[in-house]
Structures are given as structure tokens and as C-alpha cells.
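**Student:** Just dropping this structure here.
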Amino acid sequence: MRPLLIALALSLAVASAAASASASGARSVLRTVTSVPSAVSSGDDADALFCDSWRLSVETANAGPWRAIPARCTAFVGDYIEGPRYASDSAVAAADSLAFASGALAAAGVDAAKPAWVFDVDETLLSNAPYYAVNGWGSQEFNETSFDEWVDSAKAPALPSSLKLYNELQGLGFHVILLTGRTEFQRNSTEANLLFAGYQSWEKLILRQPSDIGKTAVQYKSERRAAMEAEGFKILGNSGDQWSDLIGSPMATRSFKLPNPMYFIS
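Next up, the structure:
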């Protein structure tokens, strides 16, 4: 009986404190996203705390659609991408993917469908960090002309953890399919860049056709995944840096989101 009495006393104490706070007009403990704890005074520490929380918000899609990173976060995003945290976050995502992949193949058993893994290209297999480093890390308005020139140069490096995962999945027997929002006229430069970065022997490289122009990434990529299934592929895994790479019907058995605080694609 004693534990019940103690619990009841605690409940009454909490209720009394809440009523007292309400009566005195006490301020809510909830803060807006731009607020920082009082323990952080100002300046660089406050910006770093805000930007780290902002990055969590965009990665989890809590922020919804957004156009550019906050100006105060330019240095933060640059430090994140060029520092060890981006590489570590990407490596953990790759390790989780591989752990799932082995079990997924075993679970599929004698399924007649061809086991497939779908990869996005930009910020998933290839890193455009060299381009964004001289273009404000996403704080500037997107310039399609200059980005297309960068794509044509075919110099984007591989994300090391993605290249390792790519090779390991092929070794397990997965059919690797590349599904990118790049357009068909960029096929040659995209293939050249993938080979330059160390990627080999993909099953398909799917790019936007003229009929896909104007479609959202979700619509376009969902349609292409449906076509894959119609061809007999069983999409067990899907890796992308945007939620729009991963959602929509049909979806992979498991989808894996890579970090990207530089831009948003709907």
C-alpha cells in the first residue's frame, strides 16, 4: 500500500505545482526553433547550437520544404560536410544498409524476383561538395547553369562509404539500379563521372526523360520503381539523400536516408 500512497502524493504535488504556475502566469518551457538555452550566451556557440538543431530538423523532414540554409549556418554546414561528422554519419548509414541487406536476401529465399538495390546519384554515390564549397554550401540561390557545368566536368568524387556499400551489395548478388533526377542529356557526363569515381557494372542508369520534366521527384521516382517491379525486380533496399528519393509507392522493403543539409528536393 505504501508505494501507492507515495505515487498518489507525487501526483498531487505535480498537479499543485502546475496549477500554481498557471495561476502566476509562468512562461511555457517550450521554445521556438530559433531560441537557445540560457546557458549559451551568444555568438558562435549560439549559432552552432541552433544550426545543429536545424540540421536535425531538415534531416527528419520536420522542417518541411525549405529553399536555402539559414545564412548563420553557412560556416556550420561547411564544417560539417568537410569535417569528420559527415563521413561518420554516412558510414553509419552504409553499415546499417549492409546489415539489412544480408538478412533481406536470406529472407527472400527462393523468391523468383530479382533482388535489387536502388541508389540515387548526387550526394548519395557522388559528392558535389567541391561545387557547393565555392557556392555558399546551399545558402545561395541554386544556379542551374553553373551546376550543369559542374556536372559536365564529371569530377565529383565518390562518397567513400557509399562506394564500399555499392561493391559489397554487388558481391552479395544485388542488381544495382541507379535512379537520378539528372536529365537524359547528362547521361554521358554522369556515366563518365561514376566510372571516374570508381563505380562499375550497374544494372541500369535511369535519368529523367523529356516526359518527366515538371514531375516532382516523388512522382518521377515512384513511377520508375513501379516499372522496375513490372520488369521482375524486387526492390529490397533504396538509398538516397532526399526523402523524395525514398517515399512514394511502391517503396523499397527498407529505405536508407543519407545526410544532406545543403539543399531540399520535393
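In mature numbering (1 follows the signal peptide of the UniProt record, and there is no 0), the protein residues as written are -19 to -1, 1 to 247. Just so it is clear, CB atoms sit at the ideal spot from N, CA and C, and this is done for glycine as well. Fair warning: this is a prediction, and the values are worked out from it, not measured in the lab.
1) Hey, how far is the Cα of Leu(-16) from the Cα of Asp26?
2) Could you check whether Ser220 and Asp101 sit closer than 9 Å to each other, using their CB atoms as the reference points?
3) If you reduce the DSSP assignment to three classes, tell me which class Ala85 lands in.
4) DSSP has Phe100 in a bridge; who is on the other side?
5) When the distance is taken between beta carbons, is Leu159 closer than 9 Å to Leu186?
6) Apart from the five residues just before and just after Asp28, which ones in its own chain have a Cβ nearer than 6 Å to its Cβ?
7) Are there 16 or more other CB atoms within 10 angstroms of the CB of residue 297, so buried, or fewer, so exposed?
8) Any idea what DSSP makes of Pro18, helix, strand or coil?
9) Quick one, which of Leu146, Leu30, Gly90 and Phe177 has its alpha-carbon nearest Asp133's?
10) Given that a residue counts as buried once 16 or more other Cβ atoms are within 10 Å of its Cβ, and exposed if not, what is Trp47?
11) Could you name the residues of the same chain whose beta carbon sits closer than 8 Å to that of Ala(-1), not counting the 5 residues immediately before and after it, in chain order?
12) Across which residues does DSSP place Lys238 in a beta bridge pair?
13) Kindly indicate the opening and closing residues of the alpha helix (DSSP H) around Lys145.
14) Please work out which residues of its chain come closer than 6 Å, Cβ to Cβ, to Leu140, disregarding the five sequence neighbours upstream and downstream, and give them in chain order.
15) What residues match up with Leu186 in a beta bridge as DSSP calls it?
16) Would you list the one or two residues that DSSP bridges to Lys136?
17) Does the beta-carbon of Gly119 have 16 or more other beta-carbons within 10 angstroms, so that it is buried, or is it exposed?
18) For Thr164, which residues does DSSP report across the bridge?
19) Is it a yes or a no for the stretch 229 to 239 touching the stretch 110 to 117, going by three-plus beta-carbon pairs under 8 Å?
20) For Val115, report the span of its alpha helix (DSSP H) as first-last.
**Tutor:** To lay it out plainly:
1) For the purposes of this step, residue -16 is taken as residue 4 along the sequence shown, with counting starting at 1. For the purposes of this step, residue 26 is taken as residue 45 along the sequence shown, with counting starting at 1. Confidence is the limiting factor: at Leu(-16) the pLDDT is only 36, short of 50, which leaves the residue's position unreliable, though a coordinate-based value still follows. Taken atom to atom, the span from the alpha-carbon of Leu(-16) to that of Asp26 is near 45 Å.
2) As a first step, residue 101 must be located in the sequence shown, where it is residue number 120. As a first step, residue 220 must be located in the sequence shown, where it is residue number 239. Yes, they are a contact pair.
3) One-based indexing of the sequence shown puts residue 85 at position 104. Of the three classes helix, strand and coil, the one that applies to Ala85 here is helix, per DSSP.
4) For the purposes of this step, residue 100 is taken as the residue at position 119 of the sequence shown. Partner(s): Leu159 and Ser220.
5) Stepping through the sequence shown from its first residue, residue 186 is reached at position 205. Stepping through the sequence shown from its first residue, residue 159 is reached at position 178. Remark: C-beta atoms of Leu186 and Leu159 approach each other more closely than 9 Å.
6) The count along the sequence shown starts at 1 and reaches residue 28 at position 47. Excluding residues within five positions, the ones whose Cβ falls inside 6 Å are Arg53.
7) The first residue shown for the chain is -19 and the last is 247, placing residue 297 beyond what the model contains.
8) By one-based count along the sequence shown, residue 18 stands at place 37. Low per-residue confidence applies at Pro18: pLDDT is 46, beneath 50, and the placement is therefore not dependable, though the value from the model is reported in the following sentence. DSSP places Pro18 in coil when its eight states are reduced to three.
9) Here residue 133 refers to the residue found at position 152 of the sequence shown. That would be Phe177, whose Cα lies nearest to the Cα of Asp133.
10) Position 66 of the sequence shown, counting from 1, holds the residue named residue 47. Counting C-beta atoms within 10 angstroms of its own C-beta, Trp47 has fewer than 16 neighbours from the protein chains shown and is therefore classed as exposed.
11) Translated into the one-based positions of the sequence shown, residue -1 becomes position 19. Only weak support is given to the placement of Ala(-1): the predicted model assigns it a pLDDT of 38, under 50, and the value that follows is read from those uncertain coordinates. Close CB contacts of Ala(-1) within its chain, under the 8 Å cut and outside five residues either way in sequence, are absent.
12) Numbered from its first residue, the sequence shown carries residue 238 at position 257. Beta-bridge pairing links Lys238 to Gly221.
13) The residue labelled residue 145 in the question sits at position 164 within the sequence shown. Here the alpha helix (DSSP H) through Lys145 covers Pro141 to Leu153.
14) Locating residue 140 in the sequence shown gives position 159, where the first residue counts as 1. Ser71 and Ser108.
15) The residue given as residue 186 occupies position 205 in the sequence shown. Assignment of beta-bridge partners to Leu186 by DSSP yields Leu159.
16) On the sequence shown, position 155 is the one that residue 136 refers to. The secondary-structure analysis by DSSP pairs Lys136 with nothing; it has no beta-bridge partner.
17) Locating residue 119 in the sequence shown gives position 138, where the first residue counts as 1. Gly119 comes out buried.
18) Position 183 of the sequence shown, counted from the first residue, corresponds to residue 164. Paired residues: Arg189.
19) With a cut-off of 8 Å, the stretch 110 to 117 and the stretch 229 to 239 do not count as touching, because too few Cβ pairs lie within range.
20) Locating residue 115 in the sequence shown gives position 134, where the first residue counts as 1. Where Val115 is concerned, there is no enclosing alpha helix (DSSP H), given that its DSSP letter is neither H nor E.
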